[in-house]
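Peer 1: In my numbering, the protein residues as written are 4 to 599.
Even glycine gets a Cβ: it sits at the ideal position worked out from N, Cα and C.
If you're wondering where the values come from, they're calculated on a predicted model, not measured in any experiment.
To start, I am sharing the structure in question, which I have written as structure tokens.
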């Protein structure tokens, strides 16, 4: 059976040819690694994903977790998969050897984790939340907190969450009402309600470690607290209940294997939390976890679209229906539907979206590696700046256009795609969440326009612009006339984007509400330009590799052909969006609410 999780040639191409990840082994932290060890980790991830995660993907969708008023029950297969993931070392993939980690680069780790997301996004969510939780404790926790909480989290005996959202506040985090009252022993009494907490309660692990944002009465800002479901003593042993109550499970359109919970902290005045990080700096600490989660959301959206594309491609090659235009003889055999132009259009659109999105996510992961380990301080600062600019795009462009790819995967299947007989309908439902959580598409768009595009006097955008120009110069020097044409088109498109950005930033400065009224269109436009850059980058590398690796000629030609399609179709369609945005049209703000 073909691998329907990912195309390994594509992953290897991105890792080693485009992003040159093997060069990371020259850095001290990764000196023990090689391409062989990177591949071994990816191979292990593919085996685990195929054997422990994929088999119950449909079953967990059809058998949601249940709450009987006392305890939550999940499928045994979910817990078994999570424990297999932990035994394989993937919870601690990027952590120090001393903590039982593999010290993998973020780029390689994200490549491994992509396979689990493609296999079963619902079960994998427990793992990824725990990993992000542990990363935050590693960065901001005290030595005692690290000693007590990190080992059980990284071993998978305890799982973790982040508890931010509240019923009345929603996405408006500064309005949350949960409180943390200081106690004489330096700990805090936690009280409040949280909603939509993924993995907030279950029967998978011995304990659940919540990272809770709350307000200390009389203090400025929000603070962050470690709040376990079961209290943890000074030796790191879980004991009595910590007064964290499950108020109910939320039933979702997709992602059904992951519990989504309403939690109540301190109903009986017995919930104790420990401050992590500095007082009033909780949101800044939490953004460490949120940014990691946002890259994860982008990768999850990408992989749900990617596996759906591979399913649609396999179906289109196998399903016979109809005859080509001009064939009048009804006695001729029906052709595979991939022979029909409209089906090819849909498949090519999916390929452009999913392979572009995967490259985008791994570019972000490589920037995270450079931010953390590049030997040159200026390069580290530049990587951090560029990653901050791209985070809203990494989170939201794959969520938006990955879902469009999922929609096309259903369409390729025809009526069968709308049934549960084929998995593409579940992939669509699962992926619909990714434009909502970790900041909706609109919130990410406003972040990009109102904060990121103009930050540091536009230095981040200028840095990205210079990277794009390096790529277009390389394309013009490649000797490939078509790539040179694409480079000229990207030069023009990027100049248009800079002009549109200036217009919008001026509008936002004058009137933030009116100026950002069409921020969602700006994010789509910005994302398409970034993906255009990434596709041209891929095509240049593919062209350079073609002569020396003739056995992959079709793969490389596929890259160049998809790049051409993206430029001639997707990027070409962005021009009217510039006109819309530069007009700073904001009729949505002016319409009478009674007319809606």
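(1) Please tell me whether residue 52 and residue 105 are closer than 8 Å, where the distance is taken between their beta carbons.
(2) Classify residue 66 as helix, strand or coil using the three-state DSSP reduction.
(3) Could you have a look at residue 167 and say whether DSSP puts it in helix, strand or coil?
(4) Can you round the beta-carbon distance between residue 395 and residue 447 to whole angstroms, since I take them to be within the 8 Å contact cut?
(5) Suppose only complete runs of 4+ residues qualify. What are the alpha helix (DSSP H) ranges in the segment 414 to 469, listed by chain order?
(6) Give a yes or no on contact between the segment 364 to 372 and the segment 111 to 121, applying the rule of three or more CB pairs nearer than 8 Å.
(7) Among the candidates 473, 438, 276 and 349, whose CA atom is the shortest distance from the CA of residue 412?
(8) Residue 453 and residue 511: beta carbons closer than 8 Å?
(9) According to DSSP, is residue 244 part of a helix, a strand, or is it coil?
(10) If we call anything under 8 Å between Cβ atoms a contact, is residue 341 one with residue 320?
(11) Which complete alpha helix (DSSP H) runs does the segment 359 to 400 hold, if anything under 4 residues is left out?
(12) Can you check whether the CB of residue 125 is closer than 8 Å to the CB of residue 259?
(13) Taking only the alpha-carbon atoms, compute the straight-line gap between residue 1 and residue 138 and give it to the nearest angstrom.
(14) Would you kindly work out how many angstroms separate the C-alpha atoms of residue 597 and residue 516, rounded to a whole number?
(15) Less than 8 Å between the C-beta atoms of residue 239 and residue 150, yes or no?
(16) Do you know offhand how far residue 444's Cα is from residue 330's?
(17) When the Cα atoms are used, what is the spatial distance from residue 158 to residue 89?
(18) Look up residue 251 in the DSSP assignment and say whether it is helix, strand or coil.
(19) Which residues in the same chain as residue 318 place their Cβ atom closer than 7 Å to its Cβ, once the five residues preceding and following it in sequence are excluded?
(20) For residue 617, report the span of its beta strand (DSSP E) as first-last.
(21) Shortest alpha-carbon distance to residue 581 belongs to which of 556, 541 and 526?
(22) Nearest-angstrom Cα distance between residue 246 and residue 192?
(23) Under 8 Å by Cβ, that's how I've got residue 500 and residue 529 pegged, so tell me the actual separation to the nearest angstrom.
(24) Applying the criterion that 16 or more other CB atoms from any shown protein chain within 10 Å of the CB defines a buried residue, is residue 100 buried or exposed?
Peer 2: According to the structure data:
(1) The answer is no: Cβ separation not under 8 Å.
(2) The answer is coil: DSSP assigns residue 66 none of H, G, I, E or B.
(3) Here DSSP, grouped into helix, strand and coil, assigns residue 167 to coil.
(4) Contact flag correct, Cβ pair sits at about 4 Å.
(5) Listed in chain order, they are 427 to 434 and 444 to 450.
(6) These segments touch.
(7) Nearest option by C-alpha distance: 349.
(8) A Cβ-Cβ contact shorter than 8 Å links residue 453 with residue 511.
(9) Here DSSP, grouped into helix, strand and coil, assigns residue 244 to strand.
(10) The answer is yes: Cβ separation under 8 Å.
(11) Whole alpha helix (DSSP H) segments, 4+ residues: zero.
(12) In this structure, residue 125 lies closer than 8 Å to residue 259 by Cβ.
(13) This structure cannot speak to residue 1, because the chain is shown only from 4 to 599.
(14) Those two C-alpha atoms are separated by around 20 Å.
(15) The answer is yes: Cβ separation under 8 Å.
(16) Between residue 444 and residue 330, the C-alpha separation is close to 46 Å.
(17) When the Cα atoms are used, residue 158 and residue 89 turn out to be separated by approximately 6 Å.
(18) Looking at residue 251 - three-state DSSP - the assignment turns out to be strand.
(19) Exclusion of the five residues before and after residue 318 leaves 415 and 416 as the residues of its chain whose Cβ lies within less than 7 Å of its Cβ.
(20) There is simply no residue 617 to check, as the chain begins at 4 and stops at 599 in what is shown.
(21) When only C-alpha atoms are compared, the closest one is 526.
(22) Straight-line Cα distance between these residues: approximately 10 Å.
(23) Their Cβ separation, rounded to whole angstroms, is 7 Å, which keeps residue 500 and residue 529 in contact under 8 Å.
(24) Classification for residue 100: exposed.
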